[in-house]
Amino acid sequence: MSVVNAYQKQYQQFLENPEQFWQEQANRIAWYKKPTNILSVDENEYFRWYTDGELNTSYLCLDYHVEQGRGEQAALIYDSPVTDTKATYTYRELRDQVALFAGGLKSLGVEKGDRVVIYMPMVPEAAIAMLACARLGAIHSVVFGGFAPDELAVRIDDAHPKVIVTASCGIEINRVIDYKPMVDEAFKIAEHKPRHVVLLQRPQSQADMQPGRDVDWQDLVSGATPAEPVPVKGTDPLYILYTSGTTGKPKGVVRDNGGHAVAMCYSMDVVYNVEPGDVYWAASDVGWVVGHSYIVYAPLLTGCTTILYEGKPVRTPDSGAFWRVCAEHGVKTMFTAPTAFRAVRKEDPEAENLKQYDLSKLERIYLAGERLDPPTYEWLKEKTKLPVIDHWWQTETAWAIAGNPIGLEPMPTKPGSATVPMPGYQVQILNEAGEPVSGGEKGNIAIKLPLPPGTLATIWGNHPRFEAGYLNTYPGYYLTGDEGYLDEENYLFVMGRCDDVINVAGHRLSTGQMEEIVGSHPAVAECAVIGISDSLKGQLPLGLVVLKDGASLRKDDLAAELKQMVRAKIGAVGCYDQSLIVQRLPKTRSGKILRRTMRQIADGESYNVPSTIDDPAILDEISQAMKTAGRPSA
Numbered sequence: 016m017s018v019v020n021a022y023q024k025q026y027q028q029f030l031e032n033p034e035q036f037w038q039e040q041a042n043r044i045a046w047y048k049k050p051t052n053i054l055s056v057d058e059n060e061y062f063r064w065y066t067d068g069e070l071n072t073s074y075l076c077l078d079y080h081v082e083q084g085r086g087e088q089a090a091l092i093y094d095s096p097v098t099d100t101k102a103t104y105t106y107r108e109l110r111d112q113v114a115l116f117a118g119g120l121k122s123l124g125v126e127k128g129d130r131v132v133i134y135m136p137m138v139p140e141a142a143i144a145m146l147a148c149a150r151l152g153a154i155h156s157v158v159f160g161g162f163a164p165d166e167l168a169v170r171i172d173d174a175h176p177k178v179i180v181t182a183s184c185g186i187e188i189n190r191v192i193d194y195k196p197m198v199d200e201a202f203k204i205a206e207h208k209p210r211h212v213v214l215l216q217r218p219q220s221q222a223d224m225q226p227g228r229d230v231d232w233q234d235l236v237s238g239a240t241p242a243e244p245v246p247v248k249g250t251d252p253l254y255i256l257y258t259s260g261t262t263g264k265p266k267g268v269v270r271d272n273g274g275h276a277v278a279m280c281y282s283m284d285v286v287y288n289v290e291p292g293d294v295y296w297a298a299s300d301v302g303w304v305v306g307h308s309y310i311v312y313a314p315l316l317t318g319c320t321t322i323l324y325e326g327k328p329v330r331t332p333d334s335g336a337f338w339r340v341c342a343e344h345g346v347k348t349m350f351t352a353p354t355a356f357r358a359v360r361k362e363d364p365e366a367e368n369l370k371q372y373d374l375s376k377l378e379r380i381y382l383a384g385e386r387l388d389p390p391t392y393e394w395l396k397e398k399t400k401l402p403v404i405d406h407w408w409q410t411e412t413a414w415a416i417a418g419n420p421i422g423l424e425p426m427p428t429k430p431g432s433a434t435v436p437m438p439g440y441q442v443q444i445l446n447e448a449g450e451p452v453s454g455g456e457k458g459n460i461a462i463k464l465p466l467p468p469g470t471l472a473t474i475w476g477n478h479p480r481f482e483a484g485y486l487n488t489y490p491g492y493y494l495t496g497d498e499g500y501l502d503e504e505n506y507l508f509v510m511g512r513c514d515d516v517i518n519v520a521g522h523r524l525s526t527g528q529m530e531e532i533v534g535s536h537p538a539v540a541e542c543a544v545i546g547i548s549d550s551l552k553g554q555l556p557l558g559l560v561v562l563k564d565g566a567s568l569r570k571d572d573l574a575a576e577l578k579q580m581v582r583a584k585i586g587a588v589g590c591y592d593q594s595l596i597v598q599r600l601p602k603t604r605s606g607k608i609l610r611r612t613m614r615q616i617a618d619g620e621s622y623n624v625p626s627t628i629d630d631p632a633i634l635d636e637i638s639q640a641m642k643t644a645g646r647p648s649a
């Protein structure tokens, strides 16, 4: 069977009979009660998978593998260069610790359906807390450690948790961030008051305890009775994960147990081609969807060894940090965001640090979370000599909408493309009227309903908001909010968020396309192109450019060269005339560049500092650089 035919055959099977296809995939997991009602419609007239199935996600991640004889295999490797700590947990050890902590939560009154907010750094206890909640049938909501008290309070008031699990501190490069004062402040702000705070004391900073409310982690588990897995329905929620919303109030994406477990196992096979015993590393954070899906759940559901890394791609201690982890732990498959390798490339353009490490076990590198710019793709491919695989998905979907079906057969890659839609997703490109466009024509990326298992079921406590934000724009479709196109071979090219399209004198232009061109300049480490207001043309592009270390080029010369490059590829219609050299770009903690905020700064508009920003001080630097360059104009 040819490469393309292997994929096409499975995709066609999905199209012809989605229910039968996903019933077969459900056989990948050990249900307590196998589902017979594969696809149904709930009281909100929305599609749900496996309503009558019963399972427990924690059991599938841990107990099942112990029963299958994998108890002594490494389940989780903790690697923390910021604390100079490493630890390995076998499946048996991890199961026992999860069962004890679940017993501790149970002693605090946590039951099936209760919510638990987890506000933790990248330590094994974060994953243990998640799995313990799943063991009890409780619903966890992980909030990125270090989020401001106001943002934590908003999530407390939305989820109404019975317990908060936190640590005394998080550790960044050369600094310790005390978490407990932020939790205490959030308690003061929030209207809902959780019963207890479970606190993990770390040696780098000891936190004060509030008697009667706060419980020490070690004290809790030392007196706990191990808890057995609680059976839940396939449609019972596993977790709530908050993602940014256009109204300023975060949206609580709800993930169910059954569809999630099936989708995670399916994706580990078809997208990542990993098997039990393989070492899989998602270099992300448990606060983000990548951490949920591919640090904690999918690798453990599959029987892999997963790595939990507390550090950065650079300066822990150098730009060889990722290569060191891969070599030391025998990583087969690595997954991170493009911004991580842009940071590595900036500090080590010739990848000298890479030469120190034996990467013979590393087979593939996967990138997602933001658009993979071709210069980063080409650099990584050239320096590692490995397949570099772009794939595209969202917090809302939990797994790849489009990717390279390596587990079926590898397909040829195309720079700038996430390859093809995965079985389960009927991707279509629609114009503003909701009509399909011709092949190669840009438009809004939408997915025909029903969405596959594993994708969001609703927004916590607000189904009308779910419908308004995702379903109402194009009836019968889920609106991704991204723009792109499908080429003649059905390869999907995601150009960026719909609001990253700028209108220059009536011409709709993709800033993503301009970023490809600007980013290909040999002196440019990374860049962002935004649309700024112009009284004559409506909008004009502005390029914000970070130079590679050691790059020496006059500002005016660089601006002229970039202008000529964009003009040569897009034409004068692009009106690319302005480039601004900056030391760094404002990003979220997950690496997404805050283009909208920079656009508001450039246009002199008021803006809110996003709760997810990595370092708010960068916005002041950007604002000052724009003023020096003559922006904002308002």
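Counting from 16, one number per residue, gives the positions in the sequence shown under our numbering. Ideal Cβ placement from N, Cα and C applies to all residues, glycine included. Quantities reported herein were computed from a predicted structural model and do not represent experimental measurements.
{"Query": "Contacts around isoleucine 192, its chain only, beta-carbon distance under 7 Å, and the 5 residues preceding and following it disregarded", "Result": "Gly161, Cys184, Gly185"}
{"Query": "Backbone secondary structure at glutamate 541 - three-state DSSP", "Result": "strand"}
{"Query": "Proximity to proline 218 [Cα-Cα], best of Asp293, His207, Thr100", "Result": "Thr100"}
{"Query": "Close beta carbons around valine 597, own chain, < 8 Å, minus the five adjacent residues each side", "Result": "Leu559, Val560, Val561, Glu636, Ile637, Ala640"}
{"Query": "Bounding residues of the alpha helix (DSSP H) (the contiguous stretch that carries proline 479)", "Result": "478-481"}
{"Query": "Proximity to glutamine 9 [Cα-Cα], best of Trp46, Pro50, Asp229", "Result": "Lying outside 16 to 649, the shown extent of the chain, residue 9 is not represented and no answer is given."}
{"Query": "Classification of threonine 391 by the beta-carbon crowding that lies within 10 angstroms, buried from 16 upward", "Result": "buried"}
{"Query": "Boundaries (first-last residue) of the beta strand (DSSP E) holding asparagine 459", "Result": "458-463"}
{"Query": "Alpha-carbon to alpha-carbon, valine 519 and proline 556", "Result": "8 Å"}
{"Query": "Contact check, glutamate 187 vs leucine 151, beta carbons under 8 Å", "Result": "no"}
{"Query": "Stretch-stretch touch, CB-based, cutoff 8 Å, three pairs: the segment 237-244 with the segment 204-221", "Result": "no"}
{"Query": "Short Cβ contact (8 Å threshold) for aspartate 673 with proline 252", "Result": "With the chain running from 16 to 649 in the structure shown, residue 673 is simply not present."}
{"Query": "Separation of glycine 586 from isoleucine 322, as counted between CA atoms", "Result": "46 Å"}
{"Query": "Whole-angstrom C-beta distance between aspartate 78 and proline 241, which should lie under 8 Å", "Result": "That pair is no contact at about 11 Å."}
{"Query": "Given leucine 551 as reference, the closest of Cys590, Arg610, Leu595 once Cα atoms are compared", "Result": "Cys590"}
{"Query": "Status (buried if at least 16 other CB within 10 Å, exposed otherwise) for histidine 536", "Result": "buried"}
{"Query": "Burial state of alanine 168, where buried means 16 or more other Cβ atoms lie within 10 Å", "Result": "buried"}
{"Query": "Collapsed DSSP secondary structure at glutamine 443 in the structure displayed", "Result": "strand"}
{"Query": "Three-state secondary structure (DSSP) of serine 621", "Result": "coil"}
{"Query": "Endpoints, alpha helix (DSSP H) assigned at tyrosine 392", "Result": "389-399"}
{"Query": "Extent of the continuous beta strand (DSSP E) run through isoleucine 322", "Result": "320-324"}
{"Query": "Strand pairing of leucine 215, partner residues [DSSP]", "Result": "Ala182"}
{"Query": "Neighbourhood of proline 625 by C-beta, 8 Å cutoff - its chain only, sequence neighbours within 5 removed", "Result": "Ser259, Thr603, Leu609, Thr612"}
{"Query": "4 or more residues per run - each alpha helix (DSSP H) lying fully within the segment 346-386", "Result": "353-362"}
{"Query": "From Lys195, Ile154, Ala201, residue whose alpha carbon lies closest to that of aspartate 172", "Result": "Ala201"}
{"Query": "Rounded C-alpha distance that separates tyrosine 194 from alanine 182", "Result": "6 Å"}
{"Query": "Cβ contact (3+ pairs, closer than 8 Å) linking the segment 427-435 and the segment 445-454", "Result": "no"}
{"Query": "Own chain partners of alanine 650 with C-beta closer than 7 Å, once the 5 adjacent residues on each side are dropped", "Result": "The displayed coordinates of the chain run from 16 to 649. Any statement about residue 650 would go beyond what the structure contains."}
{"Query": "Short Cβ contact (8 Å threshold) for proline 467 with tryptophan 37", "Result": "yes"}
{"Query": "Environment of glutamate 541 [buried if 16+ CB atoms lie within 10 Å]", "Result": "buried"}
{"Query": "For glutamate 187, the three-state DSSP class (helix, strand or coil)", "Result": "strand"}
{"Query": "Host beta strand (DSSP E) of methionine 426 (start-end)", "Result": "Counting along the chain, methionine 426 falls outside any beta strand (DSSP E), and DSSP gives it neither H nor E."}
{"Query": "Residue span of the alpha helix (DSSP H) that contains glutamate 82, given as start and end", "Result": "Neither: glutamate 82 is in no alpha helix (DSSP H) and is coded neither H nor E."}
{"Query": "According to DSSP, residues forming a beta bridge with tyrosine 106", "Result": "For tyrosine 106, which the question treats as bridged, DSSP gives no partner whatsoever."}
{"Query": "Sub-8 Å separation of threonine 66 and glycine 249 beta-carbons", "Result": "yes"}
{"Query": "Cβ-based burial, arginine 190 [other Cβ within 10 Å; buried from 16]", "Result": "exposed"}
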